Amino acid sequence: MKFFQSLKLNVLFFMLILFVFYGVVPTAFCKSGKDDVKVILLDEFDKLKSGHFFSVVGAHTEYHYLKESQPQGNWEISTFRSVDSQRGWRVIEENGSNVMQQAVTSKKGTHIHPMLVAGDSLWGNYTATVEFKPQSNESQSGLVFRYHNDRCYYFFGVIGDEAVLKMVKHATAFHKPYEKILAKADCKWTPGQYLTAKVTVTGSHITAFLSNGVKLEADDTTYPHGKIALLSDVPTIFKSVTVTTGAKEYKKLKKSIAKREDKLARLQAANPKPVLWKKIDTDGFGMGRNLRFGDLDGDGQIDVLIGQVKHHGPKDRNTELSCLTAITLDGKKLWQIGEPDPWKTDLTSDVGFQVHDLDGDGSNEVIYCMGMELIVADGATGKTKFKTKTPVMPKDEKRVHARFPHILGDALYFCDFRGTGHDSDIVIKTRYTNLWALNDKLETLWHAKCNTGHYPYAYDVDGDGKDELSIGYSLIDDDGKFIWSLDDKVKDHADGVAIVDYKKDSKLMLMCAASDEGMFFADMDGDIVKHHYIGHVQNPAVANFRSDLPGLETVSINFWGNQGIMHFYNSDGEIYHDFEPCAHGSMCLPVNWTGKDEEFFVLSANVEQGGLFDGFGRRVVKFPSDGHPDLAYAVMDITGDCRDEIVVWDPHELWVYTQSDGPRKGKLYKPIRNPQYNSSNYQATVSLEGWSQ
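Numbering (this note's numbering), first residue to last: 648 to 1340.
Structure, rendered in structure tokens:
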């Protein structure tokens, strides 16, 4: 009898050792005890196909949805900055079994680390175990837990000859991440040897083990819950990942997830569903997100102008139109300029073309750049009315190495510098450094140089009836003189700017999504009043996303390095919410879907990851699983009931969705937005309050 009792104790002790040091959870152990262990994630990568885990997508996913960015199995790549960091993750075979390899060495001194993420943001108290084999001790490798986003998390692993437990959160200054070492210890290990890291989080307490005997403990309340991730700045092989929790915690987790899903289901049921209104074939002349919308033929209905492009290199910095095709929403082709090419369907920059009534006679023109000419054409026929050479290429334009005698025309923007009461003046620019103001006869008014960023925004700041221009980090008067510039204070370039009266109190604020400089808000004296160093921020939108908050709110999304992190800002420029719904960019266009004063925004048209989101970050409308294209989207009122339709497309098809309860009558929300003639892949969308009656 004593023999069997001793044997039983030895077996239990052996199972406990397996669990503590190696993360192995024997079946018998899971079925016994008052608080049984529940496995909430177990992945040995055996169900994944061999080869590169993630396709290189680059800048395309700034404002396109590509299936290559979708999660695979349990995992999603959370960060990329370069081709290497995208292709680094791959599934390979080791001793007859699949393992996950991170094959590149990251640049030192950055907050961008290769990460593979899994799990649920509601995970709270759990134990995570990973077997990993760093190939080098020159940088960090290990396990991320309570992952909030890829800039905010806990890490446990090896860094050089130390085992380190740390907390990481957003940078406090440009490219300077904040890291707090919670505990560390000397750690003897050899590159090429497998280590097992095991972390248990219970409330604020963290216990971390390495299989070589290192144990670290700490208390920290920064992140109460979050996913897990694999992180390695040096080539590393990850063999298996297990996440477990107790039965009580598991029951609590299931209840929380069910409550969340039930809440989302009720929100979605309360909103009109997208129903198909139009479907058009664009095969052969279609394009990615390079469409313009406006009434071309004068029949009072919105038409579509599709611009294919050609690239001169390097990269996407020298791009211009190669073909323009005008069609109605019934699919009738109105006219075409240039030769369509089904291979010229992708775009990762802006090109200069718009639909606008330039002369104010009630009929739209098409104003576009092609062959180093700025051309004004009749909207109905495409026939040239008049044209001129684009501005002479400045000799100091380093970005394009002065390859062309005239600029190609990076973008076109219309405003009113002369005080005519009509947006008949034109801003044309190079990619980053030069801009010109022209009148409606294409005559130069003035020329200026600054860090232009991608796309400007005009506003009559001083109330003299003439527009000032916010471009990049500068504010320029109607005569081309600089009112102020922050070029010597703020690095990188502006990915989206707007001047907004957030509270209807005439206290204007410059909102700037400033790429790697994050997001900042400045007053009209050029003083920065709020600056959030939260990664590469772009594609901002301003609207009434929350009726329970005063004034207007702003939403932004991150790209390069930390793509998919979204932040919400109140009317004072303070962050009130953030989340990470995807691993790509988005235009974040506001959509007046219900006719009520609270707007949503579109993340993408993808069925699984996209949809319409509210100011709390909840997906309140889903797109139907009907085979629609989901590469790109645009938002506008097409049917005329004040509410927005959503246009979705790829190079082959264009579909238009309207509401399932339309058309609506009566007093409806009718926001005042950027005009369609100032469309850009880098626009900052501003949606101001307005009503139909």
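Where is the CB? At the ideal position from N, CA and C, for every residue including glycine. This structure is a prediction, so every number in the text was calculated from the model and none was measured.
Check, Outcome
"Nearest candidate by alpha-carbon position, reference S702, set F727, G945, D1107", "F727"
"Beta-carbon separation (whole angstroms), C1097 vs S1121, contact threshold 8 Å", "5 Å"
"Other residues of its chain near H1069: CB distance less than 6 Å, five sequence neighbours each side excluded", "G1007"
"Best match in A1188, P1310, A1105 for proximity to K920 [C-alpha to C-alpha]", "P1310"
"Proximity to D1004 [Cα-Cα], best of S996, I1014, G860, T995", "I1014"
"Proximity of R595 and G873 at Cβ, strictly below 7 Å", "Nothing can be reported for residue 595: it is not among the residues displayed for the chain, which extend from 648 to 1340."
"Option in F1226, V751, A1024 with minimal Cα separation from W982", "A1024"
"Neighbour-count burial assignment, W1338, 16 or more Cβ in a 10 Å radius", "exposed"
"Bridge-paired residues (DSSP) for G941", "D950"
"Own chain partners of S679 with C-beta closer than 6 Å, once the 5 adjacent residues on each side are dropped", "Note on S679: pLDDT 38, under 50, position unreliable in the model; the coordinate value appears next. Within the same chain, S679 has no close Cβ partners at all."
"V671 (DSSP reduced to helix, strand or coil)", "Low confidence applies here, because V671 scores a pLDDT of 41, under 50, leaving its location unreliable; read the following figure in that light. V671: coil per DSSP, three-state reduction."
"Option nearest I875 by Cα separation, candidates T1241, K898, V764, R964", "V764"
"Cβ neighbour criterion (16 or more within 10 Å) applied to Y841", "exposed"
"Cβ-based burial, Q948 [other Cβ within 10 Å; buried from 16]", "exposed"
"T889 versus L1082, Y1280, E691, V1108, residue with shortest Cα-Cα distance", "E691"
"Cβ distance (whole Å) where R939 is taken to contact L923 below 8 Å", "In fact, because the Cβ distance is near 22 Å, the residues do not count as touching under 8 Å."
"Beta carbon of D1124 nearer than 7 Å to that of I1130", "yes"
"Whole-angstrom distance between G839 and Q1330, CA atom to CA atom", "48 Å"
"Supposed contact pair S1203 and N1217 - C-beta distance, whole angstroms, cut 8 Å", "Not confirmed; about 13 Å, so no contact."
"Cβ pair H699, R734 closer than 7 Å", "yes"
"Buried or exposed by the 16-neighbour rule on C-beta atoms within 10 Å, applied to K1030", "exposed"
"Span of the beta strand (DSSP E), counted from its first residue to its last, around E778", "773-781"
"Helix, strand or coil at Q1210 according to DSSP, with G and I counted as helix", "coil"
"Cβ pair N1191, D1244 closer than 7 Å", "yes"
"Span separating the alpha-carbon of A855 from that of V811", "9 Å"
"Environment of I1022 [buried if 16+ CB atoms lie within 10 Å]", "buried"
"Continuous beta strand (DSSP E) stretch holding K925: start and end", "921-928"
"Cβ contact (3+ pairs, closer than 8 Å) linking the region 798-810 and the region 772-786", "yes"
"Option nearest Y1079 by Cα separation, candidates K979, K1150, D963", "D963"
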